[in-house]
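Asks:
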Amino acid sequence: MGDVCLLRSHQASRDPKSVVTASPHARTVLETELIMLNQIASLRLGLVAGILLAFAALATFSPQAYAQSLGTAENFAVLGASTVTNTGASQISGSVGVSPGTAITGFGPGVITNGALHPGDAVATQAHADFATAYDDFAGLASPPANNMSGVDLGGKTLTPGVYRYDTSANSAGALTFDAQNDPTARFVIQIGTTLITSSDSSVVLINGADARNIYFQVGTSATLGAGSSFIGNILAHTSITTVSTTAVTGRLLALVGAVTLDTNNVTSPGLSATPTPTPTPTPTPSPTPTATPTSTPTATPTATPTSTPTATPTSTPTATPTSTPTATPTSTPTATPTSTPTATPASTPTATPTSTPTPASTATPTSTPTPQPTPLPSSTPQLPPAQLLNISTRLKVQTEDNVMIAGFIITGNAPKKVIVRGIGPSLPGFNDLLADPILELRGPDGSLIISNDNWKETQQAEIQNSTLAPTNDLEAAIVATLPPANYTAVLRGKNGTTGIALVEMYDLDAASDSKLANISTRGFVHTGADIMIAGFIFGNGAANEKVVIRAMGPSLTGIADLLADPTLDLHDSNGTLLISDDNWKDDATQADEIRAVGMAPQNDFEAAIITTLPPGAYTAIVAGKGGGTGVAVVEVYHLK
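In short: position in the sequence shown from 1, add 109, done, that's this note's numbering.
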């Protein structure tokens, strides 16, 4: 049996506030449109003397803050002093070296790409010398007293650019977030007196332009990264570094006097650092020079440009295909379920919606052209490159408390992935009762809040605009983040407890990353008419047909009131054609056997499931209640490999 990309709803449904989800693009179900869309204060003369002093202080600090360089050590993903030891099938992107020692073991089974082995040769010797200089430079940086974090867990913290200090050891047991505040040259240095220890499944998240090349952990003794953790940044350890099994690192592992020990890890060098812009020496008359503004060139934008005008006037009847043009994203095999604790909002009684049975109709055809890719190994029989599950979204009526929209997604692979998550409401055309002011939360694997947004221009305007996926209404929400492989949850609710129709969606902004945006699953309240649940997904960036399982879960969910007793499920293609439908998953004996064979059988006979093979294209899964029933349900799409 092949691997299955899983996002199991019944695991998350044990707690109504801890839910498995992932979002498809339902706006795309309505239309083909996807529109792209330092203040300097005046100073009084009396402040000039103070400003001159401030400039003098900055002139003293800025050059040293940016003077440090790893030199030729930047060419290494792993550099030890005594030995480098690997166990298992580790994958290292970048060179691996040791100096003054000469022992490097475990390659293979370990694999090195984009680099070479350097056991005590001249290249490793020079890199070690450069690293030794850099270590002392980073250790000598001044850290403001306010940045002393001794005794504080790094997990759950959001750090802005600067130098931080731990007098002794530092631990991270959750998601550590680095916020560059839209400065792509922003540097973060964490000085740790003794050890750095990260817990299993801990992670590091980058937002607002933070760059792995500019994050440094200067460790006084040794660093240990917990099993299954995802780490971003450069570890400069005085003694040794140990990465426990299945740890993924985007950064460098550099040990000054001891060993680096690997165990079935993925270590990816972030690449060579850009040369920082020198800080000008202040003149007697202050003449501040604005720092370089990031260019508007988007990073890894979607492979096709969305059209700026809708091709059809949407009606209240939901369409059958997503209209988004997402970035191609490989699928993956997640094993965990994202959890989230949505912020409680005042309860309200949902208003009954039209009871007409929706007739899905498509207005969109995906505009992306699959680009065939060579197979890894020559074959006597040419093989089509696999298609990938691309952007994902869901549209439904957002209520309050447990019935807000909760959408989960999973990133798997070996490297962080840059994504944009959007909460769209007032710009959706053709609907009454829209969610006027969506609020969006992005939560980590442990349910902790990573970042939230009310109005998209408030915090990340430049980065969102550079993605070419800016919302068209200022009250809509969007978040850009670089996330390590893990499970994430997006929670969409209305400001001040308001309700209405909205959609939540995720796009991959970094198709070149060695990681995948996988699977969709969304929980919400299914009404009737235009307020049913509509999940869109697109296969693309490949030519092969792909097998999927789609499920509509209701009565098996636990700990939730007002469940959808008998969900129905329809799958439509980009032309709105009904491909297959299901009421009760056991109705078709052949389908039921196939669903059981891949381990995806629903727990309740009244739940719906479809297993089928699809060519690249856009698809829509529509979940409704049989006979006009309403209630809470979960829609899931799994890519089987």
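For every residue, glycine included, the Cβ atom is placed at its ideal position computed from N, Cα and C.
1) Who are the near neighbours of residue 280 in its chain, counting only those whose CB is closer than 6 Å to its CB and skipping five residues on each side?
2) I'd like the list of long-range same chain contacts for residue 183, defined as Cβ closer than 7 Å, with 5 residues on each side in sequence excluded.
3) Whole angstroms are fine: how far does the CA of residue 603 sit from the CA of residue 510?
4) Which of the three DSSP states, helix, strand or coil, is assigned to residue 186?
5) Report the rounded CA-to-CA distance for residue 670 versus residue 622, giving the unit in angstroms.
6) Taking 9 Å as the threshold (C-beta atoms), are residue 202 and residue 227 in contact?
7) Thinking C-beta only, is residue 677 closer than 9 Å to residue 733?
8) Would you decide whether residue 484 is buried or exposed? Buried here means 16 or more other CB atoms lie within 10 Å of its CB.
9) May I have the straight-line CA-CA distance separating residue 310 from residue 748, to the nearest angstrom?
10) In the DSSP assignment, what are the bridge partners of residue 748?
11) Just to confirm, is the Cβ distance from residue 758 to residue 718 under 9 Å?
12) Buried or exposed: which applies to residue 724, given that a residue is buried once 16 or more other Cβ atoms fall within 10 Å of its Cβ?
13) Using 9 Å as the threshold, is the C-beta distance between residue 531 and residue 580 below it?
14) Just how far apart, CA to CA, sit residue 743 and residue 632?
15) Using C-beta distances below 7 Å, list every residue in its chain close to residue 252, excluding the 5 sequence neighbours before and after it, in chain order.
16) Using a threshold of 9 Å, state whether the C-beta atoms of residue 731 and residue 647 are closer than that.
17) Please identify the residue among 283, 607, 316, 728 whose C-alpha is closest to the C-alpha of residue 295.
18) For residue 357, which residues does DSSP report across the bridge?
19) Count the other CB atoms within 10 Å of the CB of residue 601; is the residue buried (16 or more) or exposed (fewer)?
20) Do you know how far the Cα of residue 256 is from the Cα of residue 524?
21) Restricting to Cα atoms, I'd like to know which of 569, 710, 507, 216 is closest to residue 543.
22) For residue 550, list the residues DSSP reports as bridge partners.
23) In the DSSP assignment, find the alpha helix (DSSP H) that holds residue 232 and state where it starts and stops.
24) Tell me whether residue 704 sits in a helix, a strand or coil according to DSSP, three-state version.
25) Among residues of its own chain, excluding the 5 on either side of residue 278, which ones have a beta-carbon nearer than 6 Å to its beta-carbon?
26) Could you tell me how far apart the beta carbons of residue 286 and residue 559 are, in whole angstroms, since I believe they sit closer than 8 Å?
27) CA-CA distance, residue 739 and residue 715?
28) How about residue 289 and residue 265: are their beta carbons less than 9 Å apart?
29) Comparing alpha-carbon positions, which option in 582, 552, 554, 556 lies nearest residue 565?
30) Tell me whether residue 567 is buried or exposed, calling it buried when 16 or more other Cβ atoms sit within 10 Å of its Cβ.
Replies: In short, the structure shows the following:
1) 262, 306
2) 381, 382
3) 10 Å
4) strand
5) 41 Å
6) no
7) yes
8) Only weak support exists for where residue 484 lies, its pLDDT of 38 falling under 50; the coordinates are left without a value.
9) 24 Å
10) 657
11) Given that the chain is displayed from residue 110 to residue 750, the structure contains no residue 758 and the question cannot be resolved.
12) exposed
13) yes
14) 4 Å
15) 272, 273, 274, 300
16) no
17) 316
18) 339, 375
19) buried
20) 29 Å
21) 507
22) 561, 600
23) 231 to 248
24) helix
25) 303, 304
26) 6 Å
27) 14 Å
28) no
29) 582
30) exposed
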